[in-house]
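The block underneath contains the structure these notes are about, expressed in structure tokens.
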Amino acid sequence: MPKTRRQETGVDWIELSTTPADWKAADPALLGSMLTQLHLIRAFEETVLELAGEGLVHGPAHSSIGQEGGAVGSIISMRSTDAVNGSHRGHHQFLAKALTHVSDGTLDPENPVTPAVQEVLQRTLAEILGLAQGYCRGRGGSMHLQWFEAGALGTNAIVGGGAPMATGNAWAQKHSGTSDITVNYFGDGASQIGSVLESMNLAAAWKLPVCFFIENNLYAVSTHASEATADPRFSVRGQGFGIPSWRVDGMDPLAVHLAMKQAEERMRAGDGPAIIEAEVYRFFHQNGPYPGSAFGYRTKEEEAHWRARDPLERVATEMTARNLIDADRVAALRAAVQDAMRAATAELLEDDPENAGKRRIRPELWPDPGFVNVGVRGDASELETLQVAEPTDRSDGWREVKFVDAVAEVMDRRMEQDERIIVMGEDVHRLNGGTNGATKGLAKKYGGDRIIGTPISENGFFGLAGGLALDGRFRPVVEFMYPDFMWVAADQVFNQVGKARHMFGGDNPVPLVLRTKVAMGSGYGSQHLMDPAGIFATNPGWRIVAPSSAADYVGLMNAALALQDPVLVIEHVDLYGTADKVPDDGLDYVIPPGTAAIRRSGNDVTVISYLSMVAHSLEAIEQTGIDAELIDLRWLDRASIDWDTIGDSIKKTNNVLIVEQGAQGTSYGAWLADELQRRYFDWLDQPIERVTGGEASPSISKVLERAAIARTEEVVAGLEKVRRGWGGE
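When we follow the numbering used here, the leftmost residue of the sequence shown carries the number 12, and every step to the right adds one.
Written as structure tokens, this is what we have:
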């Protein structure tokens, strides 16, 4: 028989519960503050359900009634500089953090509603109703509550979506020299989500001060936890990542508080992350004012059992036993917070003049419809004080350099000038500059705290970078080894980072650069060779640059690193090894948005391209003899395209050919052609023509790969088709 030996993780996994002695020892002010917060949150949530029942909450009303103990117990002693983010069921998390912030963690049951508390209640309710006075100006609503000043980073409608962001915030706290912590709240369903598990791994590997707080309410919408996993004790996840974990009764706020204090001690000391699993129970269905038993997946007996364990009753009972409060004072507290919610509601609602007996939202409180697109990205005013230079205007003063060396040089220059910049990605710290040499020399010069090699977990480390960007103390540059890997990280790339500024009110900067390379022609096949421009151009929030020369790369990367928006920087492997040149008098200039370059003037057709296809287009123009005007876009996103240069050219030539290398399905040119035909239809003599690759993504076979992509020959064919369209020879 084989020899076997039982393995041990060596990581603590603790079940913590309170004793009568714990309740006797608890600070009366702490218990009074807990009880007050619990009642404030309960009254708030009851009001939300009431308004939802009247049809006044547009969208979901995910009630946290029954789950308040986990949030209050864990947050009440936090600093304002500590941070939390949460889930779609996050009103209690947000309110606990906001109330703790405005009260310094101390609330008096005898005087529970100060002006600051009343403002929190009203602004939070206004946000949930979608009104302009809300914390996110009505854009966030019930599921996207954010107040940075209070340390509330934002609740999240994507299950598990906040975990990488919280981990990034914790990275910023640690590397800024603070002892602050971040807590990421999520439910039992998110405990199986890849982004959560990836974040746990990153936090453990890098010893980040983040707590993964699992509110195990036993159900997804209607699926019981035991149906979703073999072991529904979700804190067991910590055993796999070397993270100490606590399991606690979430209906006992003091038990949660004591577990959090133990976890805090570890995190604040620099020993890394923690996991807390609080078993709680939502008293209502997933959404709305009905119990789960009304939908048949829970019994009334089960619900009655959990209601008997209400955290509000638990704290009141224990305080009464110590003569800290009595039934009349609890009733007075309940009445006071209900009055506060009626006052908050009265400021937001009025009688509906068209429906007797009904209420409506005061019309003057809605956001102005003109605000709809404000804040999708910033206005780029941060570039106004920087040195703008146009390499095409320069006739001499050049230094020869390989394209890929210019990539590394400009990053070196910016990191030297701006200590906030960090670079992260797979293998960027090895192989003398990563897999292509784009970070050559940087690891040796700046060390492992600024050139960070990551595990293979794009969703995790990109989301972490998103949290860093939102924090604002660092400026992350992320490398995706191949652009196809963005699909692995699509939630963080598009749902989180791309939408963050707009979704949370339009003001939050998101300074992040994502570098990747188009590798068509390198034989890496279907899952490595896409051009991501078309996907990013059709998703909000992103700026996109695509340099065709080393000198352009310098100016465009400098601009990307100065902007307060997420910027995709696309490179091409065909350019990496080419002999190129950069100005010999420095690498500090920028090429701002809205500045395309005319690479060749002409009168017959406007050819529009980017990256390596600019050179292929020049070759094709020479071969055909057509008098074409070639525009190198450089900036590709809607807000940054140089529409004036393109428009002037179209009005001169009356014909357009858009040239790109990649597949038809994810085509950037399809989006651009639609924009151009709507903007300049009256000046076009024929439909816009496009050169693209085929429908299939490139294959491994050298022959089939060439057949799937566009190069000079396909541009020649495109130009000839345009010439036939105007009746040329």
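Using N, Cα and C, we set each Cβ at its ideal position, and we do this for glycine too.
If you run the structure through DSSP and keep just helix, strand and coil, what is residue i?
i, result
"I669", "strand"
"Y196", "strand"
"D362", "strand"
"M12", "coil"
"L27", "strand"
"H741", "With the chain covering 12 to 740 only, the question about residue 741 has no answer from this structure."
"A143", "coil"
"H583", "strand"
"I276", "It is worth fixing the name first, because residue 276 is Glu in this sequence and not Ile. Of the three classes helix, strand and coil, the one that applies to E276 here is helix, per DSSP."
"K528", "strand"
"N122", "strand"
"W646", "strand"
"L622", "coil"
"V601", "strand"
"K369", "coil"
"R7", "Since the displayed the chain opens at 12 and closes at 740, residue 7 lies outside it and no answer follows."
"P374", "helix"
"P302", "coil"
"P577", "strand"
"A500", "coil"
"A285", "strand"
"V267", "helix"
"W737", "coil"
Quick one: is residue i buried, meaning 16 or more other Cβ sit within 10 Å of its Cβ, or exposed?
i, result
"P698", "exposed"
"H316", "exposed"
"N334", "exposed"
"T166", "buried"
"W741", "For the chain, the structure presents residues 12 to 740; residue 741 sits outside this window and is missing."
"V618", "buried"
"M12", "exposed"
"F515", "buried"
"Y778", "A query on residue 778 cannot be resolved here, the shown segment of the chain reaching from 12 to 740 and no further."
"K185", "buried"
"T20", "exposed"
"G742", "Nothing about residue 742 can be read from this structure; the chain reaches only from 12 to 740."
If I measure Cβ to Cβ from residue i and keep anything under 7 Å in the same chain, skipping five residues before and after, which residues do I get?
i, result
"T117", "A40, S44"
"A441", "Before going further, note that residue 441 is Arg rather than Ala in the sequence given. G464, listed in sequence order."
"H235", "L229"
"I204", "V170, G171"
"A631", "T723, V726, V727, L730"
"S91", "H112, A161, G162"
"N665", "W694, L695, D696"
"D363", "K369, R370, R371"
"E22", "The residue you asked about is not Glu; residue 22 is Val in the sequence shown. G249, Q250, G253, I254, P255."
"G483", "P520"
Residues in its own chain within less than 8 Å of residue i by CB, not counting five upstream and five downstream?
i, result
"V131", "L106, A109, L110, V113"
"E65", "K369, R370"
"L27", "W257, R258, V259, A266, L269, A270, Q273"
"L323", "L46, L49, H50, R53, E79"
"R325", "G80, M262, D263, P264"
Counting only the same chain and skipping the five closest in sequence on each side, list residues whose C-beta sits under 6 Å from that of residue i.
i, result
"I286", "F223, S246, G249, I254, S256"
"G303", "H296, R309"
"R100", "H73, S75"
"F547", "W553, I555, L579"
"L136", "A355"
"H627", "R722, T723, V726"
"W34", "E329"
Checking contacts by CB at 8 Å: is residue i closer than that to chain B?
i, result
"V508", "Among the chains of the structure shown, chain B does not appear; only one protein chain is present."
Tell me whether residue i counts as near the ligand ADP, meaning its Cβ is closer than 7 Å to at least one heavy atom of that ligand.
i, result
"A201", "Only the bare structure without any ligand can be found here, which leaves the ligand ADP out of the picture."
Requested in this report: Specify whether the segment 513-523 and the segment 562-578 touch according to this definition: at least 3 beta carbon pairs, one from each stretch, less than 8 Å apart.
Outcome: yes
Query - Any 3 or more C-beta pairs closer than 8 Å across the segment 217-228 and the segment 180-199 - result: yes
Report task. Kindly confirm or deny that the segment 447-457 and the segment 503-514 touch, where touching means at least three C-beta pairs closer than 8 Å. Result -> no
Query raised in the report: With a cut-off of 8 Å, do at least 3 Cβ pairs link the segment 85-101 to the segment 186-196?
Result: yes
Report task. Tell me, please, whether the segment 470-477 touches the segment 486-504 by the rule of three or more beta-carbon pairs shorter than 8 Å. Result -> yes
Requested in this report: Only counting runs of 3 or more residues, tell me where the beta strand (DSSP E) segments fall wholly within the segment 388-457, in order along the chain.
Outcome: 409-413, 432-436
Query raised in the report: On the three-pair Cβ rule with 8 Å, is the segment 711-729 touching the segment 530-548?
Result: yes
Report task. Would you mind listing the beta strand (DSSP E) stretches within the segment 316-344 that are 3+ residues and don't spill past its ends, in chain order? Result -> none
Query raised in the report: Whole alpha helix (DSSP H) runs in the segment 649-717 with 4 or more residues, listed along the chain?
Result: 654-664, 679-691
Query - Inside the segment 203-257 only - alpha helix (DSSP H) runs reaching at least 4 residues - result: 205-217, 236-239, 248-252
Requested in this report: Please go through the segment 30-83 and give each complete beta strand (DSSP E) segment of 3 or more residues, from N-terminal end onward.
Outcome: none
Query raised in the report: Should the segment 551-569 be called in touch with the segment 371-381, which here means at least 3 C-beta pairs below 8 Å?
Result: no
Report task. Kindly confirm or deny that the segment 177-184 and the segment 137-148 touch, where touching means at least three C-beta pairs closer than 8 Å. Result -> no
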